[in-house]
Structures are given as C-alpha cells and as structure tokens.
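Participant:
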C-alpha cells in the first residue's frame, strides 16, 4: 500500500510498483486528490479514500492497510503530516499486522544532524523516535538517498548553482563527500525494498553518485559542456551567520533560509550517507550527475 502516490516522488514509486506484475498496489489518497490517481486506477491500482489528517479515521486506516505486506509513506508536509498523520498510519499498520513500513524520509543522513540544523530533518527524527515506540512488530525502514539529483532541487531549491549565469556557490572548503540520487532511481530502490522478502536494515541507504563540491562542479561541467565559475561565499561559520541573519529578517518565510540549512548539512559532512547499499539491488544502475545533466540538457 502506498500513501502519497500523487506527489512527485510518490507517483514514480507507484509506477515502479505497477511495473512489477507480481505487485497488487493499493493507493491511499485524500478525497480531494482522487482525480489525480485516475491513471493508477486505469492501470489496476485499488484506490482508497482516507484523509490521514482526520483523527477520526483510525478504523478506516486500519481497514485500508489490512492485508498489505508493506506500507510505503511518501507523504510530505509539516509536523502535523510527517509526525502525527504518519504515526497514525504506522499504528494502523501495526494493528493490521503489516510486515513492513517504509517511512517518508527520502533525504540525506538526518541522523547525523544536531537538533536545529534543519527543521525538516528535526520533524523526521521526531517521527523516527516516536515510531520506535509505536511500531510493535512492524519492520520500520528509513530510506536515505542524499539530495535529490533534480533540476528543481540540486539545480534549483538547494541554491548550489545558478545555471543561467554559470555559477556555483561554495561555503567552506568543499571537500566533504555528498550524495545525490534522482527521483526516478529513488523510486526504483523503494519499489524493490517494498517487496523484498528478506529483512531490511532499519536505515537503508542508496545513492546515485557521491562527490565533493569540486567533483560536483566538474560533473556538471562534463555533462553540460559549460564552464562554471565558483564563487566562494565564506566559511561554514559564515554560512551559520547568514542563516541566522535571514531567519531573523524573515522568520515566517521558510523559503528564505531553509535551502541554506540543507546546503550547510551537506557541505559540513554531517549529512553524508554512511552505509550505501546499492549492491543489494544490482539490477538498478543509478544515474550520476554528469549523465543526468546531459539527459536534461541543463
């Protein structure tokens, strides 16, 4: 069963699962999102309407996950969604005797960060702590993939590059290894993990490519054929100060400073994956940075 199937990543996970002829997919969607799941219904997926944020829906949730081998959560949002709604889904899975629950993590190493380093990661760690108490016999799996190798994330939201002007922005020395994985490859690994009969590690890490900042710039140049000018923005301590300056100036505008929290965690090395296990599913050949840039024409 998959929750969050109409989102960017969730839709790709759904497609990857539907490509497996042995999978029977049940999709959990909010009533207002049913129309977005029409293509999955047409392919044979079972669509179940439940609002995860409705606290009166526990019985419906348990019925929705009943009989599932694995529940995948690809839901996104603030703490009401990531912590509370997701816990209700996990608890329903426990009551229904579900074997495995894949949480909506799909990020870098959130467990390497300190509280306050990234507010989104704080929410996911809070869920992980609560989930350990709530899971019962359910096998709880956190999939970590680094940063999304995507035009909207690595080459957009993260603020690492200005593609139009051919610039990249460096805080610190840029020598720490960082991990990058496409949405598509994340979906493929998740679909395989969902049906794996063997026990999975509680934290399952995969990566398309691991590079330091300088290697990342070279990979972009190789894939695009464009020379990039690196602008040194200051030390990591300077980056800390810039984040605090932006938060003080615009405390309610999360988009003014959240991207720098992600970039800081990566450049510092705190968010690096520690046990990449791509070899578990050798049939997946993940895409690297240069190849992605070349394919996308960035």
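Residue numbers (our numbering): 127 to 424. Built from N, CA and C at the ideal position, the CB exists for glycine as well.
Just checking my contact of residue 171 with residue 186 at CB under 8 Å: how many whole Å lie between their CB atoms?
Facilitator: Not a contact, Cβ separation roughly 18 Å.
Participant: Give me the DSSP bridge partner(s) of residue 199.
Facilitator: According to DSSP, which records beta bridges pairwise, residue 199 is partnered with 129.
Participant: In three-state DSSP terms, what is residue 311?
Facilitator: Note: residue 311 maps to helix in three-state DSSP.
Participant: If we ignore side chains and look at the alpha-carbon of each, how far apart do residue 259 and residue 358 end up?
Facilitator: Cα-Cα distance, rounded: 45 Å.
Participant: Cα-Cα, which of 200, 209, 177 and 216 is closest to residue 192?
Facilitator: Closest option to residue 192, Cα to Cα, is 216.
Participant: What residues in its chain sit with their C-beta under 7 Å from that of residue 188, if we drop five residues either side in the sequence?
Facilitator: Around residue 188: 218, 221 and 222.
Participant: Ends of the alpha helix (DSSP H) at residue 389?
Facilitator: Its alpha helix (DSSP H) spans residues 384-393.
Participant: Hey, residue 350 and residue 419 are a contact pair by Cβ (cut 8 Å); roughly how many whole angstroms apart?
Facilitator: About 5 Å separates the two Cβ atoms, so the contact holds.
Participant: Where are the alpha helix (DSSP H) runs, 4 residues long or more, that stay fully inside the stretch 130-202, in chain order?
Facilitator: Correct list: 134-144, 164-168 and 184-191.
Participant: Drop a sphere of 10 angstroms on the beta-carbon of residue 226, count the other beta-carbons inside from all chains shown, and report buried for 16 or more, exposed for fewer.
Facilitator: Per the 10 Å Cβ criterion, buried.
Participant: Between the stretch 385-394 and the stretch 253-270, do at least 3 Cβ pairs fall closer than 8 Å?
Facilitator: The stretch 385-394 is not in contact with the stretch 253-270.
Participant: Once the 5 residues before and after residue 415 are set aside, which same chain residues still bring their CB inside 7 Å of it?
Facilitator: 275, 306, 335, 337, 342, 345, 346 and 349.
Participant: Give a yes or no on whether the C-beta atoms belonging to residue 178 and residue 208 are separated by under 8 Å.
Facilitator: Not in contact: residue 178 and residue 208 (Cβ atoms no closer than 8 Å).
Participant: Between residue 397 and residue 235, how many whole angstroms is the CB-CB distance? I'm expecting something under 8 Å.
Facilitator: Confirmed, about 5 Å.
Participant: Under 8 Å, with one C-beta from each stretch per pair, do the stretch 311-328 and the stretch 134-148 reach the 3-pair mark?
Facilitator: The stretch 311-328 is in contact with the stretch 134-148.
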